[in-house]
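What follows is one structure encoded as structure tokens, with my remarks underneath.
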Amino acid sequence: MTTRFYLCFAVCFTATVAMAQPQLVADFNPGTADGMTDSLGYEGVYLDDNRMILAVIDPDFGTELGILENGELSLLKDINPGDESSDPQYFVRYNGKVYFSVADDGQVLASLWSTDGTEEGTVKEYSLSGSAAPISNLVVTDGGALLFKRASRLYATSDGENFEELLTNVPFFDVDGGGAGNAQYTKYQNGFAFFDSPTGPPYEVHLWYYESGSLEVLYTFEESVIGAFSTAYGLGVIDGGLVFSIGGDNRGTYVYEEGSGEITQVLSFPCDRFLRADGVSMVGFREGIAFYRFSASPAEATVLFDEQPLLPFLLNGTPYPHIGANGKLVFLGQSTFFTEKDLYMTDGTVPGTVKLGDLPLNGMIWQMLARGRYVFVVVYNNENNPVSIYVADTEAVTVTELYQFPESTGLEGSILLTGFQDGKLYFNLSTDETVGRELYSLETGLVVAEESVPVPSASFGLEFADRQFAIKAEGMKPARVNAYDVQGRLLRSYDTHTNAWLPEVIHAGMVLYEVEVEGLRQTWKRIGLQ
């Protein structure tokens, strides 16, 4: 295999205002052929602050594994030798590596691979045979497990090397339901919660919990409650438990209270969809009425946002633009598809639900990407109008236009945000027919605090309580904690040991706690105390 490196060179765009111009990172697949994919795998996953793993289309090897390192794009490994594609997809970061599924036989995504960012360190971890279904829906829990599914079977590993089949008849939808709120599984506490789907009498539906190799039934629903499993959806984390909706005869929105193990109905109707993001409690949406926040203890639903002119009127199940950033949920407020819209953000409280800036977004939100405190948003109106990229600052509470393209990209050339690295926003698009769909960068002038990429590990965790925190682990071990603000400034250091309670940092804003125990390092984000 020949590894190719490409240098950045400018592409002529004419902006309507004085701003940075997009740069073509590489004509990776020379000529008019595409060098980037517009399907799963286009969005990069951070191996660390300087390396991003993504799929690329090589002229000799097909769709294979690529890496963007310090602004340079290269082919990392030809996993399926020859011109047959391995089509890497479902990237997740786990145990200091990036895991993903591939079609290493050129047909079905039936193998799980990992990479440490080197060719020799890109290896097969697990293979499955006997089914035409792909390995998909990779999820990493906060307790250090990696789970994935194939057809209706759920698999897990706690170390990335030893795998086990946990359960069959598990009906998975995308973890975010495609933005439509129909997810039937979620990360929960240090593990993973999900529904199953019975295939015979007594047709009971179970709410399961998995952690560290152990399966537990949290709750059993009789057939008379849920009936057909397809009527239960929207499973997500809230304060003190989980929330979900049920259709049919027992239609409504329910919460599971983790202390008592009880299920309580909190709304007489099912939410049309739920908005989910890591580190943020689930928000429910009722068409044209309100957004709701939920609590399991006490079991209740509270109106979070009900500005009627800005509540969207979308078909039930339509994906709803939202993303988690800086400990907040950023979402769209609009009245129709093609009118002026505003971005809102919430920290899960009514006072903390506010509009981001005063700049309306004129068009349809196509995609969002978060990095640190910033959310990048692609907006277009229709095939004949310019496409713009905006950035929302969740700390300054502003929205700014970064760039407006001089001509429509059209649906075929729609911008796909790939990632943010060293002050540059990366995206792929196909406006230039002479090079096809390729990777571009845009200098933003923004500084994002370098994030020590969290590596899930079962060896220790961080617990917060009563304005204190402790590094929870088995036994007493030396530990060091550095607390930074989002600009990377050191706020405080602690030389301590595990299981000792320490005072939290007093700081107005996000605090990054970098914890090191026995050479293992993890980082937690925490809204600062004032």
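Per my numbering: the sequence shown ends with 707, consecutive numbering throughout.
Every residue gets a Cβ at the ideal spot worked out from N, C-alpha and C, and that includes glycine.
Checklist entry - For SER329, which option in ASN676, PHE372, TRP290 has the closest C-alpha, if you only look at C-alpha atoms? => result Along the sequence shown, read from residue 1 onward, the residue named residue 329 stands at position 152. Answer by Cα proximity: PHE372.
Checklist entry - How long is the line joining the alpha carbons of THR675 and ARG270, rounded to whole angstroms? => result Along the sequence shown, one-based indexing puts residue 675 at 498. Along the sequence shown, one-based indexing puts residue 270 at 93. Computed Cα separation, rounded: 25 angstroms.
Next on the checklist: Quick check on DSSP: helix, strand or coil for ASP519?
Outcome noted: Counting from one through the sequence shown, the residue named residue 519 turns up at place 342. Strand, per DSSP.
Next on the checklist: One question on the structure: do ARG228 and GLY294 come within less than 8 angstroms of each other, judged by their Cβ atoms?
Outcome noted: Walking along the sequence shown from the start, residue 228 turns up at place 51. Walking along the sequence shown from the start, residue 294 turns up at place 117. When the beta-carbon positions are compared, ARG228 and GLY294 come within less than 8 angstroms of each other.
Item to check | GLY510 to ASN539 span [Cα, whole Å] | outcome: Stepping through the sequence shown from its first residue, residue 510 is reached at position 333. Stepping through the sequence shown from its first residue, residue 539 is reached at position 362. Cα-Cα distance, rounded: 12 angstroms.
Checklist entry - Does the stretch 605-620 come close enough to the stretch 637-647 to have 3 or more Cβ pairs within less than 8 angstroms? => result Because the criterion of three Cβ pairs below 8 angstroms is not met, the stretch 605-620 and the stretch 637-647 do not touch.
Checklist entry - Can you tell which of GLU610, ASP319, VAL279 has the C-alpha that lies nearest to the C-alpha of SER304? => result Taking the sequence shown and counting its residues from 1, the one referred to as residue 304 is at position 127. Of all alpha-carbon atoms in GLU610, ASP319, VAL279, the one lying nearest the alpha-carbon of SER304 is that of VAL279.
Item to check | Inter-residue CB distance, PHE446 and ARG463 (contact presumed, cutoff 8 angstroms) | outcome: The count along the sequence shown starts at 1 and reaches residue 446 at position 269. The count along the sequence shown starts at 1 and reaches residue 463 at position 286. PHE446 to ARG463, Cβ: 7 angstroms. Contact.
Item to check | Inter-residue spacing [alpha-carbon to alpha-carbon] between LYS702 and ASP535 | outcome: Numbered from 1 along the sequence shown, position 525 holds the residue referred to as residue 702. Numbered from 1 along the sequence shown, position 358 holds the residue referred to as residue 535. Per the coordinates, the alpha-carbon of LYS702 lies some 28 angstroms from the alpha-carbon of ASP535.
Item to check | Cβ pair TYR219, LEU201 closer than 8 angstroms | outcome: In the sequence shown, residue 219 corresponds to position 42, counting from 1. In the sequence shown, residue 201 corresponds to position 24, counting from 1. No, the pair does not count as a contact, with Cβ atoms beyond the cut-off.
Checklist entry - What residue from ASP672, SER565, GLU651 has the CA that sits closest to ASN659's CA? => result Residue 659 sits at position 482 when you count from the first residue of the sequence shown. For the residues ASP672, SER565, GLU651, the minimum Cα distance to ASN659 belongs to ASP672.
Checklist entry - Any idea what DSSP makes of GLY425, helix, strand or coil? => result Taking the sequence shown and counting its residues from 1, the one referred to as residue 425 is at position 248. It is helical.
Item to check | Beta bridge counterpart(s) of ILE244 as assigned by DSSP | outcome: As a working mapping, residue 244 is identified with position 67 in the sequence shown. Answer by DSSP bridge pairing, in chain order: ILE230, SER251.
Checklist entry - Going by the beta-carbon positions, is the gap between GLU610 and GLY212 smaller than 8 angstroms? => result For the purposes of this step, residue 610 is taken as residue 433 along the sequence shown, with counting starting at 1. For the purposes of this step, residue 212 is taken as residue 35 along the sequence shown, with counting starting at 1. It is not a contact, given that the beta carbons lie outside the stated cut-off.
Next on the checklist: Buried or exposed, going by whether 16 or more other CB atoms sit within 10 Å of the CB of GLN699?
Outcome noted: Within the sequence shown, the letter at position 522 stands for residue 699. Label assigned to GLN699: buried.
Checklist entry - Is the beta carbon of ASP319 sitting closer than 8 angstroms to the one on ASN367? => result For the purposes of this step, residue 319 is taken as residue 142 along the sequence shown, with counting starting at 1. For the purposes of this step, residue 367 is taken as residue 190 along the sequence shown, with counting starting at 1. Going by beta carbons, ASP319 and ASN367 fall inside the 8 angstroms limit.
Item to check | Residue range of the unbroken beta strand (DSSP E) whose run includes ALA656 | outcome: Mapped onto the sequence shown, residue 656 falls at position 479. Annotation: the continuous beta strand (DSSP E) that includes ALA656 extends over 655-662.
Checklist entry - Does the beta-carbon of GLU439 have 16 or more other beta-carbons within 10 angstroms, so that it is buried, or is it exposed? => result Within the sequence shown, residue 439 is the residue found at index 262, counting from 1. Exposed, because fewer than 16 other Cβ atoms sit within 10 Å of the Cβ of GLU439.
Item to check | Alpha-carbon spacing of GLN598 relative to LEU444, whole angstroms | outcome: As a working note, residue 598 is residue 421 in the sequence shown. As a working note, residue 444 is residue 267 in the sequence shown. Roughly 43 angstroms between the two C-alpha positions.
Next on the checklist: Give me the residue from ILE648, TYR267, ALA287 with the minimum Cα distance to ALA309.
Outcome noted: On the sequence shown, residue 309 is found 132 positions in, with the first residue counted as 1. Nearest option by C-alpha distance: ALA287.
Checklist entry - When you compare only the Cα positions, how much space is there between ASP281 and SER263? => result Along the sequence shown, one-based indexing puts residue 281 at 104. Along the sequence shown, one-based indexing puts residue 263 at 86. Their backbone Cα atoms lie some 5 angstroms apart in a straight line.
Checklist entry - Going by Cα to Cα distance, which pick from TYR603, LYS654, GLY686, THR397 is closest to VAL574? => result In the sequence shown, the residue the question calls residue 574 occupies position 397. Shortest Cα-Cα distance from VAL574 to any of TYR603, LYS654, GLY686, THR397 involves GLY686.
Item to check | Beta-carbon proximity list for VAL555, same chain, < 7 angstroms, skipping 5 on both sides | outcome: As a working mapping, residue 555 is identified with position 378 in the sequence shown. Same-chain partners within the cutoff: TRP543, GLN544, VAL564, ILE566, ILE592, LEU594.
Checklist entry - So who's on the other strand from ASN206, going by DSSP bridges? => result Within the sequence shown, numbered from 1, the residue matching residue 206 stands at position 29. Looking at the DSSP assignment, ASN206 forms no beta bridge with any residue, so it has no partner.
Checklist entry - How would you call TRP678, buried or exposed, if buried means at least 16 neighbouring beta carbons within 10 angstroms? => result Residue numbering aside, residue 678 sits at position 501 when the sequence shown is read from its first letter. TRP678 counts as exposed, since fewer than 16 other C-beta atoms from the protein chains shown sit within 10 angstroms of its C-beta.
Checklist entry - Nearest to TYR386 by CA position, among LEU344, GLY425, TYR380, is which residue? => result Taking the first residue of the sequence shown as position 1, residue 386 is located at position 209. Comparing Cα-Cα distances from TYR386 to each of LEU344, GLY425, TYR380, the minimum goes to LEU344.
Item to check | Spatial distance of VAL233 from LEU242 (CA atoms) | outcome: Walking along the sequence shown from the start, residue 233 turns up at place 56. Walking along the sequence shown from the start, residue 242 turns up at place 65. Taking the straight line joining both Cα atoms gives about 6 angstroms.
Item to check | Sheet register partners of MET459 (DSSP bridge) | outcome: Reading the sequence shown from its first residue, position 282 is the one you call residue 459. Beta bridge pairing from DSSP links MET459 with no other residue.
Checklist entry - Apart from the five residues on each side of it in sequence, which residues of its chain come closer than 6 angstroms, Cβ to Cβ, to VAL670? => result Position 493 of the sequence shown, counted from the first residue, corresponds to residue 670. The sequence as given places Ser at residue 670; Val does not occur at that position. Around SER670: ASN659.
Item to check | Euclidean distance between Cα positions of LEU579 and PHE604 | outcome: One-based indexing of the sequence shown puts residue 579 at position 402. One-based indexing of the sequence shown puts residue 604 at position 427. Taking the straight line from one Cα to the other gives about 13 angstroms.
Checklist entry - For GLY418, is the classification buried or exposed, using 16 other Cβ atoms within 10 angstroms of its Cβ as the cut-off for buried? => result What you label residue 418 is simply residue 241 of the sequence shown in a count that begins at 1. For GLY418, the number of other beta carbons within 10 angstroms of its own is at least 16, and it is reported as buried.
Checklist entry - Is the CB-CB distance between VAL457 and TYR551 below 8 angstroms? => result If you number the sequence shown from 1, residue 457 lands on position 280. If you number the sequence shown from 1, residue 551 lands on position 374. Using a Cβ distance threshold of 8 angstroms, VAL457 and TYR551 do not count as a contacting pair.
Next on the checklist: Assuming the contact rule is C-beta atoms closer than 8 angstroms, ALA473 and VAL432 should be a hit. Round their C-beta distance to whole Å, please.
Outcome noted: As a working note, residue 473 is residue 296 in the sequence shown. As a working note, residue 432 is residue 255 in the sequence shown. Contact flag correct, Cβ pair sits at about 5 angstroms.
Checklist entry - Taking C-alpha atoms, which residue in GLU434, THR571, ALA642, GLY596 lies nearest to LEU250? => result The residue labelled residue 250 in the question sits at position 73 within the sequence shown. Among GLU434, THR571, ALA642, GLY596, the Cα nearest to that of LEU250 belongs to GLY596.
Item to check | Proximal residues to VAL576 (C-beta, below 7 angstroms), its chain only, five neighbours per side dropped | outcome: Locating residue 576 in the sequence shown gives position 399, counting from the first residue. Result list for VAL576: LEU520, LEU533, GLY534, LEU536, TYR567, ALA569, in chain order.
Checklist entry - Expressed to the nearest angstrom, what Euclidean distance is found between the alpha-carbon atoms of VAL460 and ASP643? => result Sequence index remark: in the sequence shown, residue 460 carries index 283 (1-based). Sequence index remark: in the sequence shown, residue 643 carries index 466 (1-based). If you take the alpha carbons of VAL460 and ASP643, they lie about 25 angstroms apart.
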